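Heads up, the thing below is written out as structure tokens.
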Amino acid sequence: MKNSLRDLRQEQGWSQGDLAERLQVSRQTVNSIETGRYDPSLPLAFAIARLFGRRIEEIFEP
């Protein structure tokens with residue numbers, strides 16, 4: 234699944250570790266989502282959307 238997580242994270246000036254801490258996941262999870270190797274669970278996708286003030290559809294695309 235394609236996503237704009239890396240761009241959104243970089244706009245905030247956050248490292249992958251910073252984002253992981255905010256989402257309470259590992260840095261490896263953030264890296265895997267950004268590179269498209271892992272699709273987040275629905276609760277995690279909602280948490281990401283809330284954190285960036287966006288809708289899930291604005292961040293993730295099939």
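The sequence shown begins at 234 in this note's numbering and counts up one residue at a time.
For each residue, glycine too, the CB sits at the ideal point set by N, CA and C.
Since we're looking at a predicted model, the values are computed, not measured.
- For residue 263, the uninterrupted alpha helix (DSSP H) segment begins and ends at 260–267.
- Of the candidates 255, 260, 241, the residue whose Cα lies closest to the Cα of residue 249 is 260.
- Under the criterion of beta carbons closer than 8 Å, residue 269 and residue 234 qualify as touching, at roughly 6 Å.
- The beta-carbon distance between residue 256 and residue 284, rounded to whole angstroms, is 7 Å. This is short enough to meet the 8 Å contact definition.
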